[in-house]
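Undergrad: Handing you this structure, nothing more for now.
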Amino acid sequence: MWNAERRFQGQTDIELDDTGRAQAERAARMLTGLNPAAIVSSDLSRAASTAAALARLTGLAVSYDKDLRERHGGSWEGLTDSEIRERYQAEHAAWNPPDGEPTQAVADRVRGALQRVAEEMTDGGLAVVVCHGAAIRLGLSALLGLPLDMFHVLGPLSNCSWSVAGTRHDGRWRLLEHNAGTLPEPVLGDDR
Numbered sequence: 527m528w529n530a531e532r533r534f535q536g537q538t539d540i541e542l543d544d545t546g547r548a549q550a551e552r553a554a555r556m557l558t559g560l561n562p563a564a565i566v567s568s569d570l571s572r573a574a575s576t577a578a579a580l581a582r583l584t585g586l587a588v589s590y591d592k593d594l595r596e597r598h599g600g601s602w603e604g605l606t607d608s609e610i611r612e613r614y615q616a617e618h619a620a621w622n623p624p625d626g627e628p629t630q631a632v633a634d635r636v637r638g639a640l641q642r643v644a645e646e647m648t649d650g651g652l653a654v655v656v657c658h659g660a661a662i663r664l665g666l667s668a669l670l671g672l673p674l675d676m677f678h679v680l681g682p683l684s685n686c687s688w689s690v691a692g693t694r695h696d697g698r699w700r701l702l703e704h705n706a707g708t709l710p711e712p713v714l715g716d717d718r
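Quick note on numbering: the working numbering labels position 113 of the sequence shown as 639, and the sequence is numbered without any gaps.
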């Protein structure tokens, strides 16, 4: 419901509504086709419920990592985007909620969680990480080595959409897909 109302959820533990549960089920059916080896989720209930839909189809257990939580939004939590823009103009322009979690802290926290998940994967296995929009954009940006002020080059994620990241032969991370909602097609090219 808060998504539809464009309310800043942050770490307020909002349950999925019927629409959210249907989106999670659809995404789970799609992601099952990628044969994931692990599922790691934020411990907030909306992410945990999303991860549970995939776990039911794959038989995998879900691991929970509080470092995958959404950004703590302080005074912004529960407010609509319009209310935030009106009440906190300077903070909104800098995208730093007053008494909330600083942008750099979120980027570092989520990047660390993503790196831990990657280190636990062996033999090229795929992990599905269930996170939150702002947190995953900041964490992915940091993982890719983008300067903090450039995180916005990764567009927002639609509900229950995903990004695919992998490492190149030189060990650097690269973004293979972003805001996806269908299974990837093989890429034919000479990108070495």
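Don't be surprised by glycine CBs; every beta carbon is placed ideally from N, CA and C.
If you follow the alpha helix (DSSP H) that residue 567 is part of, which residue opens it and which one closes it?
TA: Note, residue 567: premise wrong, no alpha helix (DSSP H); beta strand (DSSP E) at 564-567.
Undergrad: So, at 8 Å on beta carbons, what are the nonlocal neighbours of residue 699 in its own chain, with the 5 sequence-adjacent residues on each side left out?
TA: 669, 670, 671, 691, 692, 693
Undergrad: Nearest CA to the CA of residue 661: which residue from 634, 646, 643?
TA: 634
Undergrad: Quick one, which of 528, 683, 685, 697 has its alpha-carbon nearest residue 605's?
TA: Of 528, 683, 685, 697, the residue nearest in Cα terms is 528.
Undergrad: Name, in chain order, the residues that DSSP records as bridge partners for residue 703.
TA: DSSP output for residue 703 lists 690 as bridge partner(s).
Undergrad: Near residue 656, what residues of its chain come up, given a Cβ to Cβ distance below 6 Å and the 5 sequence neighbours on each side ignored?
TA: Excluding residues within five positions, the ones whose Cβ falls inside 6 Å are 567, 573, 576, 577.
Undergrad: Who are the Cβ neighbours of residue 570 in its own chain at under 6 Å, not counting the five residues just before and after it?
TA: Taken in chain order, the residues that qualify are 539, 595.
Undergrad: For the segment 611-661, which segments carrying the beta strand (DSSP E) assignment without a break, of at least 3 residues, lie completely within its bounds, in sequence order?
TA: 653-656
Undergrad: So is residue 533 buried or exposed if we call it buried at 16+ other beta carbons inside 10 Å?
TA: buried
Undergrad: Suppose contacts are defined by Cβ-Cβ distances below 7 Å. Is residue 581 in contact with residue 565 by that definition?
TA: yes
Undergrad: Please decide whether residue 682 counts as near chain D, where near means a Cβ-Cβ distance under 7 Å.
TA: Of the protein chains in the structure, only one exists, and it is not chain D.
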